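K.L.:
Sending over a structure as structure tokens; questions will come in a sec.
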Amino acid sequence: MSGPRLTAREGADTSLLKVPPHSLEAEQAVLASILLNNDLMNEVVEVLRPDDFYQGAHRTLFMTMVELYERGRAIDQLTLSESLNARNVANEVGGLSY
911 MSGPRLTARE GADTSLLKVP PHSLEAEQAV LASILLNNDL MNEVVEVLRP
961 DDFYQGAHRT LFMTMVELYE RGRAIDQLTL SESLNARNVA NEVGGLSY
């Protein structure tokens, strides 16, 4: 005996229900690599955009790193935390412990 068949409403947009492919570990690896070697930003900014990061905290961290890079500043834990605090977004990324 088969139950009722569930189908999407005709014309309904189901794309909002789909989770895009992502890897939080890969995002973390990119961010950590930049912290370890700022020279990587020369290549990273050519291929990645903030919207490429699935997790909002990672997106914010990356945008802040790009801003530091564009201003010619070092990207390290100190400059990153200062920039996050100046923008009042440190808590959005999990604070300094993250």
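Converting from the sequence shown to this note's numbering requires adding 910 to each position, the first position being numbered 1.
Glycine included, each C-beta is placed from N, C-alpha and C at the ideal position.
Just so you know, these numbers come straight off a predicted model, no measurement behind them.
1) Are the region 987 to 1001 and the region 953 to 961 touching by the rule of at least three beta carbon pairs closer than 8 Å?
2) At which residues does the alpha helix (DSSP H) containing Gln965 begin and terminate?
3) What are the start and end residues of the alpha helix (DSSP H) that includes Ser991?
4) Quick check on His968: buried or exposed, where buried means 16 or more other Cβ atoms within 10 Å of its Cβ?
5) By DSSP, does Ala984 sit in helix, in strand, or in coil?
6) Output yes or no for whether 8 Å exceeds the beta carbon distance between Leu971 and Val1003.
7) So, helix, strand or coil for Ser943, using DSSP?
8) What separation, rounded to the nearest whole angstrom, lies between the Cα atoms of Asn947 and Ala939?
9) Rounded to the nearest angstrom, what separates Glu937 and Leu950 at their Cα positions?
10) So what's Ala936 in DSSP terms, helix, strand or just coil?
P.N.:
Quick look at the numbers:
1) no
2) By one-based count along the sequence shown, residue 965 stands at place 55. Taken as a continuous stretch (DSSP letters only), Gln965 belongs to no alpha helix (DSSP H), as it is neither H nor E.
3) Taking the sequence shown and counting its residues from 1, one reaches residue 991 at position 81. Its alpha helix (DSSP H) spans residues Gln987 to Ala996.
4) Indexing the sequence shown from 1 puts residue 968 at position 58. It is buried - the Cβ of His968 has at least 16 other Cβ atoms within 10 Å.
5) Here residue 984 refers to the residue found at position 74 of the sequence shown. Coil, per DSSP.
6) Reading the sequence shown from its first residue, position 61 is the one you call residue 971. Reading the sequence shown from its first residue, position 93 is the one you call residue 1003. Yes.
7) Working through the sequence shown from its first residue, we reach residue 943 at position 33. Looking at Ser943 - three-state DSSP - the assignment turns out to be helix.
8) Position 37 of the sequence shown holds residue 947. Position 29 of the sequence shown holds residue 939. Looking at the two C-alpha atoms, the distance is approximately 12 Å.
9) The sequence position of residue 937 within the sequence shown is 27, counting from 1. The sequence position of residue 950 within the sequence shown is 40, counting from 1. In a straight line, the C-alpha of Glu937 is about 14 Å away from that of Leu950.
10) Along the sequence shown, read from residue 1 onward, the residue named residue 936 stands at position 26. Looking at Ala936 - three-state DSSP - the assignment turns out to be helix.
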